[in-house]
Structure formats: structure tokens, C-alpha cells
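First residue of the sequence shown? That's 20 in my numbering, and the numbers climb one at a time after it. The beta carbon of each residue, even a glycine, is placed where N, CA and C say it ideally should be. A short write-up of the structure that comes next.
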Amino acid sequence: MIRRLGVTLALAALLAAAGAGLLRSTGPDGRTDPVAAIAADLVCPACQGESVADSRSPIAASMRQVIADQAAQGRSPDEIRRWFVARYGEEVLAQPPVRGPGLLLWAVPALALLGAGIAAARTLRARRPADGDEPGPPARRWSPRPVWRLTAAALVCLVAAVAVAADRLTPPAAAPRTDPTAVALGLARDLEGQQRYAAAAQMYQEVLRDRPDDAIRLRLAFALLRSGDAAGAGRQAREVLDHAPESPDGLLVLGLAQRGTSPADAPTTLRRFLAVAPAHPAAAEIRRLIGG
């Protein structure tokens, strides 16, 4: 009787632990703010092991703003997560979906509980002779020991399989999960498409620190110009022109910026732009602007 009670209590404890772990892994994380809850499910590309919700980097701040904007538009949390995955891959998720050999990590606990449950049930149901049974030839009684031994051997094999697969499932610690520069550049373009030029300029500045490129500098100059920072746009355009004096976009941004900082110089710069790139998409508007 005491042995049966002990087996029952052990089985109940295993089931309770499994249920608690499942509820903890699938249930809400206690955050009431939907933006913070979604941000907690995303990894900050510029940080080491921090979520977008906890990181203080400019990239994480922009990602939180994108989440808030999309939530305000009525998108569901799953739709917002898919939006980030479509642009930056599944590495942006704090918990990427489990596939292939990774399913072993889910199968081992389930198989262990199943084996323990079957063995415990067979043990509890082992027949014993009742008090009122008529005497007869001795029957061969079932012994639970082989089942327990088989279950233990199966558990050892499963744990060994998971140990072998763990090395293949775990990526190298030094390998970056996502490219912070690519994420920042994508966020800058998305913010610019939303006409949030000041935020886009901040992202372009982040990209420029890691990737000093004239094309990115020009994107920054355009964003600054559209955000109202003519002086900042002019400085970025001059840096581009220092490397490429005949850059059409550099001359265009500088001339437009000069209309706010030094109006007397703007026509000369814009005419130089027209001389360098007469077929530029903005040429017709610039001709109209400076009166032919």
C-alpha cells in the first residue's frame, strides 16, 4: 500500500511539473502593455542578449516606435512579429520556431512522462490474489521490473540523443544573430517612408558610424533636409562633394539646403547641379524653382 502511494505521488508530481512548465512557457509574461509584450519577443540586433523591450539602443527605440505605430493601426501582435521576420529573418525573434532536430527538446519530456506513466499504471494494476479466490494452481504473476528497466533505458537513450543534438542546435556564441547595420538601414528607410524624417535621420547616423558610405550620407542629408535641419543637410552634402565634386545628389541637397542657410549661394549651386545632371528626375522642378 505504501509503495503504491509513493508511485502515485511521484507520478502526480511529474505531471504537475510538466503542466506548470507548459503553462509558464505558453502563457502571458505578465506585461500589460501590448507594445512592451511584443518588444519582449524581439531581439535587439545591436545588443548582446537583450530584448527590444529592455535595450536602450537607438535601434531598439526605433523598433519600439515601429511596434507602437503598427499597433495603433490595428495590426495584431502576430502580424507585427511577421512584419519584422519578413524584413530581418527569424533571428530577430527571441524564441524562433522549433524545427527539425530541435523537436527532440520537446519530445524528450513528453516521452519520459509517457513511459513513467505507463510503467506506473502497470505497477498499480498488477494483480494480486483476492481473499475470496478459490485455491488453484499457482499463476504466473506479472513483474513490473522489466517495464521499469526498459523505461530507464529509453530515458538514457533519449537524454543521450538530446546531448548529441544540442551541439548541432546551439549556434556559435560569437556569431551575430542579425546584422545591426542592415536592421538600422531597413528601419531608416521604413521611417522615411512614413515621413518620420527626424527619426530616419537618427537611424541613418547610426548606420553611418559603422558604414561610412556616400550613398548613406546622401540619404542622411535628404532626411535632415526634409526634417527641417538645413544646416545639417548642407554639412553632409559638403562631405559628399569633398569626395565626389560632381555628385548630382550632393549638389542638389546642398543647393536646397543653401536656400535656408545662405540664399544668395543657392542659385549658383543649383545651376551647377543642372549642368551636371540635366536629365535628373528633379531637374524640371529645380528649373522652375530658380526661374529657368
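Smallest Cα separation from residue i: which of the options?
i	options	result
Gly-279	Arg-100, Ala-302, Ile-305 and Ala-249	Ala-249
Gln-255	Glu-265, Gly-247 and Leu-243	Leu-243
Pro-81	Ala-301, Leu-275, Asp-52 and Ala-220	Note on identity: in this sequence residue 81 is Ser, with Pro being the wrong assignment. Ser-81 has its Cα closest to that of Ala-220, out of Ala-301, Leu-275, Asp-52 and Ala-220.
Val-104	Ile-57, Arg-75, Ala-234 and Ser-246	Ile-57
Asp-198	Val-111, Leu-275, Gly-247 and Gly-253	Val-111
Ala-59	Ile-86, Gly-269, Ser-70 and Arg-257	Ser-70
Gly-253	Asp-233, Thr-287, Ala-276 and Asp-52	Ala-276
Asp-209	Gln-89, Pro-64, Gln-67 and Arg-75	Gln-89
Glu-109	Leu-61, Arg-257 and Glu-225	Leu-61
Ser-266	Val-226, Arg-291, Leu-308 and Pro-96	Arg-291
Gln-224	Gln-214, Arg-215, Gln-213 and Leu-204	Leu-204
Glu-304	Gln-114, Pro-53, Leu-271 and Val-295	Leu-271
Ala-65	Glu-98, Ala-201 and Arg-106	Ala-201
Ala-217	Ser-246, Gly-274, Pro-282 and Ala-294	Ser-246
Leu-237	Ser-74, Ile-99 and Ala-263	Ala-263
Pro-297	Asp-284, Ala-234, Asp-268 and Ala-72	Asp-268
Val-54	Val-85, Gln-67, Cys-63 and Val-226	Val-85
Pro-212	Asp-229, Gly-68 and Phe-241	Before going on, a small fix: residue 212 reads as Gly here, not Pro. The residue with the shortest Cα to Cα distance from Gly-212 is Phe-241.
Asp-284	Arg-230, Ile-309 and Ser-74	Ile-309
Val-226	Cys-63, Ser-95 and Pro-77	Pro-77
Gln-114	Asp-232, Ala-294, Gly-68 and Ser-74	Gly-68
Met-222	Asp-233, Asp-232 and Leu-239	Leu-239
In the DSSP output, which residue or residues are listed as bridge partners for residue i?
i	result
Leu-61	Leu-112
Ser-70	Val-62
Could you spell out the range, first to last residue, of the alpha helix (DSSP H) harbouring residue i?
i	result
Gly-205	199-212
Ile-309	Unbroken run through Ile-309: none, as it is neither H nor E.
Gln-92	That residue, Gln-92, is in no alpha helix (DSSP H); it is neither H nor E in DSSP.
Asp-284	Note, Asp-284: premise wrong, no alpha helix (DSSP H); not H, not E.
If you run the structure through DSSP and keep just helix, strand and coil, what is residue i?
i	result
Pro-47	At Pro-47 the pLDDT is 49, less than 50, meaning the model places this residue with poor confidence; the figure from the coordinates comes in the next sentence. In this structure, Pro-47 counts as coil in the three-state DSSP scheme.
His-262	helix
Arg-215	coil
Arg-230	coil
Ala-296	coil
Ile-305	helix
Arg-75	coil
Gly-247	coil
Asp-52	coil
Leu-42	Model confidence at Leu-42 stands at a pLDDT of 49, short of 50, so the residue's coordinates are unreliable; what they give is reported in the following sentence. Of the three classes helix, strand and coil, the one that applies to Leu-42 here is helix, per DSSP.
Ile-86	helix
Arg-187	Below a pLDDT of 50, predicted positions are generally treated as unreliable, and Arg-187, at 49, falls in that range; no measurement from the model is reported.
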